[in-house]
Amino acid sequence: MASHTSKAILCLGRINVSGLGHQKPGSRVTYATALSVNSSAGKTGPPDRSGRGPFVRRPRRDAGEPRTEKMPVDQDWTAVYPAAASFKPNTVPLPMRMGYPMRGSVPPEKQGNLELIKIPNFLHLTPAAIKKHCEALKPFCTEWPSALDSDAKCDEHFPIKVTSTDYVSAGPSVRNPSARIVNLKVKLSSLNLDDHARKKMLKLVGERYCKKNDVLTIMADSCPLRQQNYDYAMYLLTVLYHESWKTEAWEAEKTVADMEEYIWEDSPSQKNILDTLVRMKVAGEGEDEEVREQLLGRSEVQEYKDSVTRLKNEGESESTMLQYKEAVKKVLNL
Amino acid sequence: MAAPMALRRELFSLARILPGISHLGPRASGACTGHRKYNIVRSPLPLTSSTFFHTATVFSSTPPAITVTEEPDALFQRVSVLVKGHDRAVLDSYEFFATMAAKELGINISKVYEPPKEADRLTLLKSIHVYKKHRVQYEMRTYYRCIELSHLTGSTAQVYLEYIQRNLPEGVAMEVTKNAMEKVPDHILEPMWKDDTTDDKPSQ
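Below you can see the structure in the form of structure tokens.
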């Protein structure tokens, strides 16, 4: 008898060992052991062979009471669903219904409901479970330095901002080539640059500078790895900085057309106003050079210079035009 | 069988992956007690080891204590987590989980918002042959959720992101944008031409 039943079980390979009550909840494990053979053989009785052939399907045993009936109300749910698992109706003691109802009917119940199994559930991430996980993770976290509580302080001490993106998705490959891109942003005001160096830097970087925010952006994506792109971006910044401090021989050939902003000295405007004033004989007679210098020293001429510079650099607006008008009236004594 | 294995993976992945830091000691976390419960339950039953497909060979000794390395921690001014999925309810639940985890770990949450959904639509012929006027339209909707965290250190960000990403549900994708901030490096503080007159390229 025992040998016969053991042979049957080894052939079938799928037996419910619900007799062992402490198994993992909800799973029908298949074990081929001597213990299970004896217990199951005792329950079902000898197989009936009359007129059916050499192999008889063992009659299916009834499922026992679902585990939900035996669950106490104050149980530890994190032990029932400790990790992500599919929805098991006999394990979740909630009276749930899900699905589109048939006409005149209610949504289907949870037993044998595919919709509940398909959708990802968060039964393993209840607030109690999250608290337990975070308690275990706390020792690995470090605190943010309390001195850096505002953005201004962060910008003052840590002016270079490096941005990168990670991508997580399911697919044939975990890699995403966009993850190698590194953006480096730095405010030029935080770098040690003098006037000439700043202008040269602006000419070197061109489009990468935003005048409104005073931010230089270097985007590095030519290398295949993020670390390489980051190193390259830092290298570019270093080279730009040092090269902008250097003064080459050909920089002396900078013309008025290359200038970034309007400079009044040695401009046609200065020549014109001085000529006009000399002709008007505002100052006393004397040498040309002395007269010109004297005129330059006058406050009206200085005001005129400011207004013209402002007009050229900032463009035309109400305030700039007004200022120009006032300055002209003063200079020409209108 | 899957749950105990997944559980152990969750426990000891931190030991493997987090560099130089691994401590899963006597502190009874939920995962730990579940794990121990299974151990206790299995022993009275006289089942041979061949019944288990995965035997506990790796996880025997006590893990080492937390190690603190000398290199300075990275500072992230902002970490922006964007999750994308086809089902808004799943993203709602995930947002609850992520925000709660951030609160428990003491991370500042600056903003949680929902960017508008996007739909990819296509129009196909309804019939296999003729009937050009009868079409059917399909769409694939992508819902978004964005959680912006501010003022995180490198270790905290690593721990939080690993926890979040390991519990990402199936069918949901994530993009994490990190804004790190750094000091001006020493070789950019002063120009190198001040001292030496020879022109040589700055070395990186």
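From first to last, the protein sequence lines stand for chains Y and H. Reminder that position 155 of the first sequence reads as 155 in my numbering, one-by-one numbering, no gaps. Just add 1000 to the spot in the second sequence (first one is 1) and you have my numbering. Glycine included, C-beta positions come from ideal geometry on N, C-alpha and C. Model, not experiment: these values are computed from the prediction.
- Counting only the Cα atoms, Y232 of chain Y lies some 18 angstroms from S244 of chain Y.
- Beta-carbon to beta-carbon, Y262 of chain Y and K185 of chain Y are separated by about 29 angstroms, too far to satisfy the 8 angstroms threshold.
- Judged by pairs of C-beta atoms under 8 angstroms, the region 220-231 of chain Y does not touch the region 245-265 of chain Y, as fewer than three such pairs exist.
- Assignment of F158 of chain Y by DSSP, reduced to helix, strand and coil, places it in the coil class.
- Going by DSSP, E1139 of chain H is part of the beta strand (DSSP E) stretching over R1135 to T1153.
- If you check the CB distance, C141 of chain Y and V1176 of chain H do not come in under 8 angstroms.
- In the structure shown, K1132 of chain H falls within a coil segment according to DSSP collapsed to helix, strand and coil.
- Of all C-beta pairs linking the region 158-165 of chain Y to the region 1183-1192 of chain H, three or more are shorter than 8 angstroms, placing the two stretches in contact.
- Here the alpha carbons of N1167 of chain H and D1092 of chain H stand approximately 14 angstroms from one another.
- When C-alpha distances from N213 of chain Y are compared across Y:I117, Y:T255, Y:K138 and Y:S190, the shortest belongs to Y:S190.
- The continuous beta strand (DSSP E) containing E1175 of chain H extends over residues V1172 to E1182.
- Counting the other Cβ atoms within 10 Å of the Cβ of P1169 of chain H gives 16 or more, which makes it buried.
- Proximity to L332 of chain Y across Y:T276, Y:L137 and Y:E316 peaks at Y:T276, based on C-alpha coordinates.
- For D1186 of chain H, there is no enclosing beta strand (DSSP E), as DSSP marks it with neither H nor E.
- In summary, the residues of the region 1178-1193 of chain H whose CB is separated from some CB of chain Y by less than 9 angstroms are K1178, N1179, A1180, M1181, E1182, K1183, V1184, P1185, H1187, I1188, L1189, E1190, P1191, M1192 and W1193, in the order they occur in the chain.
- Excluding five sequence positions before and after Y235 of chain Y, none of the CB atoms of its chain fall closer than 8 angstroms to its own CB.
- In the DSSP assignment, D1120 of chain H falls within the beta strand (DSSP E) that extends over E1118 to L1125.
- Interface flag for E1170 of chain H against chain Y is set, since a Cβ pair is found closer than 8 angstroms.
- Taking 8 angstroms as the upper bound for CB-CB distance, T68 of chain Y and P93 of chain Y are in contact here, some 4 angstroms apart.
- For S319 of chain Y, the uninterrupted alpha helix (DSSP H) run begins and ends at E318 to V331, by DSSP.
- Judged by their CB atoms, H124 of chain Y and A79 of chain Y are not nearer to each other than the 8 angstroms cut-off.
- For Y167 of chain Y, the closest alpha carbon among the candidates H:Y1163, H:A1173, H:D1087 and H:E1162 is that of H:A1173.
- Close partners of Y1163 of chain H in chain Y (Cβ separation under 9 angstroms): H133, C134 and L137.
- Among the bridge pairs identified by DSSP, F140 of chain Y is matched with none.
- Relative to the Cα of C154 of chain Y, the nearest Cα in the group H:G1085, H:T1123, H:L1075 and H:C1146 belongs to H:L1075.
- Distance between R279 of chain Y and S307 of chain Y, taken at the CA atoms: about 22 angstroms.
- It is roughly 8 angstroms from the alpha-carbon of F1097 of chain H to the alpha-carbon of I130 of chain Y.
- Assigned with DSSP and collapsed to three states, V278 of chain Y falls in helix.
- Look at D166 of chain Y: its C-beta is under 8 angstroms from a C-beta on chain H.
- Less than 8 angstroms separates the beta-carbon of R1145 of chain H from that of E1114 of chain H.
- Taking 8 angstroms as the CB threshold, T1156 of chain H lines the interface with chain Y.
- The Cβ neighbour count for P82 of chain Y, taken over all protein chains shown within 10 Å, is at least 16; the residue is labelled buried.
- Sequence-ordered contacts of the region 1114-1141 of chain H with chain Y are nonexistent [C-beta pairs closer than 9 angstroms].
- Measuring C-alpha to C-alpha distances from Q270 of chain Y to each of Y:V301, Y:D74 and Y:E251 identifies Y:V301 as the nearest.
- Leaving aside the five residues that flank M219 of chain Y on each side, the residues in its chain whose CB is nearer than 6 angstroms to its CB run, in chain order, N183.
- Taking the C-beta atoms as reference points, G1171 of chain H is found nearer than 8 angstroms to P120 of chain Y.
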